[in-house]
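Undergrad:
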Amino acid sequence: MPILNWLNKEQALTTARDCPYRLVELVPELSYGESDTDNMLIQGDNLDALKALIPTHSGKVKCIFIDPPYNTKSAFEHYDDNLEHSKWLSMIYPRLELLHQLLSEDGSIWITLDDSESHYLKVMCDEIFGRKNFVANSVWQKKYTIANDAKWLSDSHDHLLIYAKNKEEWRPYPLERTEAMNNRYKNPDNHPKGVWKSTPLYAKRKGSEKEAAFSYTFKNGYIWTPPAGTSPRFPESTLKKMDENDEIWFGVKSDAAPSRKTFLSELKSSGTPSSTIWLHSDAGHNHEAREEVKVFDKEDAFTTPKPERLIKRVLDLATKPNDLILDSFLGSGTTAAVAMKMNRKFIGIELGDHAVTHCQPRLKKVVDGEQGGISEDVNWTGGSGFKFYRLGEVIFNENGSLREGISFDALASHIWYGDTRQSLQQSTKSPLLGVHNGIDPCRQIRTIKLGKFNYAA
Ligand SMILES: C[S@@+](CC[C@H](N)C(=O)[O-])C[C@H]1O[C@@H](n2cnc3c(N)ncnc32)[C@H](O)[C@@H]1O
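Take any residue in the sequence shown, note its place counting from 1, add 441, and you have its number in our numbering.
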């Protein structure tokens, strides 16, 4: 498979592996809400933070949404977005590798970017997630106005790259049908099955010429044949049944070509698949997002937030209540806020000071029942909580020996992950952590106690 190459790619290939394991340390005074919550807000570089999560959260994240710096060559108020092209690629590569490990077998990752880097990222993601796991490149209409001063084309959309961990296993959940969709169904003939929409009796031809020769005579005498290049969608027996039940429409004057009455009440699912085009009317836009965050901090509003409606659509398609969501470029905290409002669990990671000045206060207000964004839509009245963490010491020193003061739980997770490549399911105080494929990790704990342990990740 052709792969992307860039200056210093060899180093990028080993960055994630060479990054040392650190502990994440709880900051109780910045944590808020229910004390038994699993929600995590982590301040720090996401390379370190993701690596720290590997032993405890590998294969556990149902949905990853990231909105990394797009490399637009701008200096935003709260972060820089100006890396040399190769450096940007080297920045994102190891983070994607770690995100891939954290994703569950039935999980998916959603990445927003613009034209600056998205096409390079597609090729990189094919390498990391597997080309066969590429789901779609959705287009989100982030702006609804035309920039009259545009030098070339007025940029109105972002890309949303979607990969599944395992595309054959993964399916998106249907979206709720909107009122506008349902309003297209009418009942001009007062049919007892209720409102309906007329749909063709034919489909694009896949089969043989023989199918093209099909013809059917309806009870009113109309002799129907599928138009050139199409095939009938229904066999003769179904057409007969529909005709008898008055489910064929010949137009208001009963003289038009026949079509099928498709009844709203008979649609297989009450939902609808998502299109790859996400209009601002359905998924929000940048201006709306700015208005949402201004409510939290008018003087110093975060400059590049995403609208809550965009994240809601991702979570509607990719998750159910209680699923774990991860955003490792958290910005102003939108993903975490929406996850809480939709009763999902979250891990949010943000490098900048705005983890404390913007994310934390926003999430605190959400716990208290904040009513902006999607709150009304999802009947959010408050609850939940989060724990705030910062990155702590590395677990093993440069010789590979255990540092002093590492807790049993942290050590147990690392030993278990080191041997099984899976996260430890439950905390235990027994030196026998469990048995996996005949391996007894307690043997290593005993060795550590003798001071001979050398950890190789
Ligand atoms: C485009 S913003 C994300 C905006 C977010 N989606 C929102 O709705 O507010 C990108 C964020 O990634 C953060 N970031 C950049 N590099 C990072 C790193 N190495 N670790 C963690 N966060 C990082 C920046 O500080 C910035 O807040």
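For each residue, glycine too, the CB sits at the ideal point set by N, CA and C.
Measuring alpha carbon to alpha carbon, tell me which of 824, 828, 825 and 848 ends up nearest residue 835.
TA: Position 394 of the sequence shown holds residue 835. Among 824, 828, 825 and 848, the Cα nearest to that of residue 835 is on 848.
Undergrad: Which residue comes first and which comes last in the alpha helix (DSSP H) that contains residue 826?
TA: Counting from 1 along the sequence shown, the entry for residue 826 is found at position 385. From DSSP, residue 826 is part of no alpha helix (DSSP H) but of the beta strand (DSSP E) over 826–835.
Undergrad: Taking residue 526 as the reference, give the member of 739, 561, 865 and 824 with the closest Cα.
TA: Sequence index remark: in the sequence shown, residue 526 carries index 85 (1-based). Looking at the Cα atoms, 561 is the closest of the given residues.
Undergrad: What residues match up with residue 457 in a beta bridge as DSSP calls it?
TA: Here residue 457 refers to the residue found at position 16 of the sequence shown. Answer is none; residue 457 lacks a bridge partner.
Undergrad: Taking the alpha carbon of residue 538 as the reference point, which residue from 457, 689, 832 and 703 has its own alpha carbon closest?
TA: To locate residue 538, count along the sequence shown from 1; it is residue 97. Out of 457, 689, 832 and 703, 457 has the C-alpha closest to the C-alpha of residue 538.
Undergrad: From the DSSP output, which residues share a beta bridge with residue 578?
TA: Numbered from 1 along the sequence shown, position 137 holds the residue referred to as residue 578. According to DSSP, which records beta bridges pairwise, residue 578 is partnered with 602.
Undergrad: With 16 as the cutoff for other CB atoms within 10 Å, does residue 887 come out buried or exposed?
TA: Looking up residue 887 in the sequence shown gives position 446. Only weak support exists for where residue 887 lies, its pLDDT of 49 falling under 50; the value from the coordinates is given anyway. Per the 10 Å Cβ criterion, exposed.
Undergrad: Going by beta-carbon coordinates alone, are residue 504 and residue 760 separated by less than 8 angstroms?
TA: Numbered from 1 along the sequence shown, position 63 holds the residue referred to as residue 504. Numbered from 1 along the sequence shown, position 319 holds the residue referred to as residue 760. Against a cut-off of 8 angstroms, the Cβ pair of residue 760 and residue 504 comes out as a contact.
Undergrad: In whole angstroms, what separates the C-alpha of residue 480 from that of residue 877?
TA: Within the sequence shown, residue 480 is the residue found at index 39, counting from 1. Within the sequence shown, residue 877 is the residue found at index 436, counting from 1. About 28 angstroms.
Undergrad: Just the Cα atoms here: how many angstroms apart are residue 569 and residue 595?
TA: Your numbering for residue 569 matches position 128 in the sequence shown. Your numbering for residue 595 matches position 154 in the sequence shown. The alpha-carbon atoms of residue 569 and residue 595 are separated by roughly 32 angstroms.
Undergrad: Within 10 Å of its beta-carbon, does residue 604 have 16 or more other beta-carbons around it, so buried, or fewer, so exposed?
TA: Position 163 of the sequence shown, counted from the start, is the residue given in the question as residue 604. Label assigned to residue 604: buried.
Undergrad: Would you mind giving the Cβ-Cβ distance between residue 600 and residue 555, rounded to the nearest angstrom? I have them listed as a contact below 8 angstroms.
TA: Numbered from its first residue, the sequence shown carries residue 600 at position 159. Numbered from its first residue, the sequence shown carries residue 555 at position 114. That belief holds up - the Cβ atoms of residue 600 and residue 555 are roughly 7 angstroms apart, short of 8 angstroms.
Undergrad: Nearest by alpha-carbon distance to residue 691: which of 682, 669 and 642 is it?
TA: If you number the sequence shown from 1, residue 691 lands on position 250. It is 642 whose Cα lies nearest to the Cα of residue 691.
Undergrad: Using a Cβ-based criterion (distance less than 7 angstroms to any ligand heavy atom), does residue 855 qualify as near ligand 1?
TA: Sequence index remark: in the sequence shown, residue 855 carries index 414 (1-based). No, ligand 1 has no heavy atom inside 7 angstroms of this Cβ.
Undergrad: For residue 729, which residues from the same chain have a beta carbon less than 6 angstroms from its beta carbon, with the 5 sequence-adjacent residues on both sides left out?
TA: Taking the first residue of the sequence shown as position 1, residue 729 is located at position 288. Closer than 6 angstroms at the Cβ level, and outside the excluded window around residue 729, lie 748.
Undergrad: When the Cα of residue 558 is compared with those of 772, 533, 581 and 618, which residue comes out closest?
TA: Mapped onto the sequence shown, residue 558 falls at position 117. Residue 558 has its Cα closest to that of 533, out of 772, 533, 581 and 618.
Undergrad: Between residue 696 and residue 667, what straight-line distance do the alpha-carbon atoms span, to the nearest angstrom?
TA: Walking along the sequence shown from the start, residue 696 turns up at place 255. Walking along the sequence shown from the start, residue 667 turns up at place 226. Taking the straight line from one Cα to the other gives about 17 angstroms.
Undergrad: Helix, strand or coil: which one does DSSP assign to residue 891?
TA: What you label residue 891 is simply residue 450 of the sequence shown in a count that begins at 1. Summary for residue 891: the model assigns pLDDT 38, below 50, so the residue's position carries little reliability, and this model does not support an answer.
Undergrad: For residue 529 and residue 511, I'd like the C-alpha separation in whole angstroms.
TA: In the sequence shown, counting from the first residue as 1, residue 529 sits at position 88. In the sequence shown, counting from the first residue as 1, residue 511 sits at position 70. Approximately 9 angstroms, taken between the alpha carbons.
Undergrad: Starting from residue 859, follow its DSSP beta bridges and name the residues at the other end.
TA: Within the sequence shown, numbered from 1, the residue matching residue 859 stands at position 418. Its beta-bridge partners do not exist; DSSP assigns none.
Undergrad: Taking the beta strand (DSSP E) that residue 643 falls in, what are its first and last residues?
TA: In the sequence shown, the residue the question calls residue 643 occupies position 202. Here the beta strand (DSSP E) through residue 643 covers 643–645.
Undergrad: Going along the chain, which unbroken runs of the alpha helix (DSSP H) with 4 or more residues stay wholly within the stretch 695–745?
TA: With a minimum length of 4 residues, the continuous alpha helix (DSSP H) runs that stay inside the stretch 695–745 are 721–724 and 727–735.
Undergrad: Less than 6 angstroms between C-beta atoms, sequence neighbours within five positions excluded: which residues of the same chain meet that for residue 736?
TA: If you number the sequence shown from 1, residue 736 lands on position 295. The residues are 813.
Undergrad: If you drop the 5 nearest sequence neighbours on each side, which residues of the same chain put their C-beta closer than 8 angstroms to that of residue 583?
TA: For the purposes of this step, residue 583 is identified with residue 142 of the sequence shown, where counting begins at 1. Same-chain partners within the cutoff: 597, 598, 599, 721, 726 and 727.
Undergrad: Terminal residues of the continuous alpha helix (DSSP H) containing residue 564?
TA: Residue numbering aside, residue 564 sits at position 123 when the sequence shown is read from its first letter. Start and end: 559–570.
Undergrad: Is it buried or exposed for residue 448, if we count other Cβ within 10 angstroms and need 16 for buried?
TA: Residue numbering aside, residue 448 sits at position 7 when the sequence shown is read from its first letter. Under this definition residue 448 is an exposed residue.
Undergrad: When you compare the CB positions of residue 640 and residue 700, do they come within less than 8 angstroms of one another, or not?
TA: Residue mapping note: residue 640 aligns to position 199 of the sequence shown, counting from 1. Residue mapping note: residue 700 aligns to position 259 of the sequence shown, counting from 1. Yes; because the gap between Cβ atoms is below 8 angstroms, this pair is in contact.
Undergrad: So is residue 858 buried or exposed if we call it buried at 16+ other beta carbons inside 10 Å?
TA: Counted from its first residue, the sequence shown places residue 858 at position 417. Buried, because 16 or more other Cβ atoms sit within 10 Å of the Cβ of residue 858.
Undergrad: With a threshold of 7 angstroms on Cβ separation, who are the neighbours of residue 615 within its own chain once the five nearest residues in sequence on each side are excluded?
TA: In the sequence shown, the residue the question calls residue 615 occupies position 174. Excluding positions up to five away in sequence, the list reads 710, 712, 713 and 714.
Undergrad: Nearer than 7 angstroms: is that true of the beta carbon of residue 606 relative to any heavy atom of ligand 1?
TA: On the sequence shown, residue 606 is found 165 positions in, with the first residue counted as 1. Because no heavy atom of ligand 1 lies under 7 angstroms away, the Cβ of residue 606 does not count as near it: no.
Undergrad: Cβ atoms of residue 841 and residue 804: under 8 angstroms apart, would you say?
TA: The residue labelled residue 804 in the question sits at position 363 within the sequence shown. The residue labelled residue 841 in the question sits at position 400 within the sequence shown. No, the Cβ-Cβ distance between residue 804 and residue 841 is not below 8 angstroms.
Undergrad: Would you please state the rounded distance, in angstroms, between the beta carbons of residue 718 and residue 490? I believe it to be under 8 angstroms.
TA: In the sequence shown, the residue the question calls residue 718 occupies position 277. In the sequence shown, the residue the question calls residue 490 occupies position 49. About 34 angstroms separates the two Cβ atoms, so there is no contact after all.
Undergrad: I need the straight-line Cα distance from residue 467 to residue 513, nearest angstrom please.
TA: Numbered from its first residue, the sequence shown carries residue 467 at position 26. Numbered from its first residue, the sequence shown carries residue 513 at position 72. Rounded to the nearest angstrom, the two C-alpha atoms are 34 angstroms apart.
Undergrad: For the candidate residues 633, 669 and 689, whose alpha-carbon lies nearest to that of residue 658?
TA: In the sequence shown, counting from the first residue as 1, residue 658 sits at position 217. Of the listed residues, the one whose Cα sits closest to residue 658 is 689.
Undergrad: Taking the straight line between their C-alpha atoms, what separation do you get for residue 802 and residue 495?
TA: As a first step, residue 802 must be located in the sequence shown, where it is residue number 361. As a first step, residue 495 must be located in the sequence shown, where it is residue number 54. Cα to Cα, the separation comes out at about 27 angstroms.
Undergrad: Would residue 463 pass as a contact of residue 833 if the rule is Cβ separation under 8 angstroms?
TA: On the sequence shown, residue 463 is found 22 positions in, with the first residue counted as 1. On the sequence shown, residue 833 is found 392 positions in, with the first residue counted as 1. Yes, Cβ-Cβ distance for residue 463 and residue 833 is below 8 angstroms.
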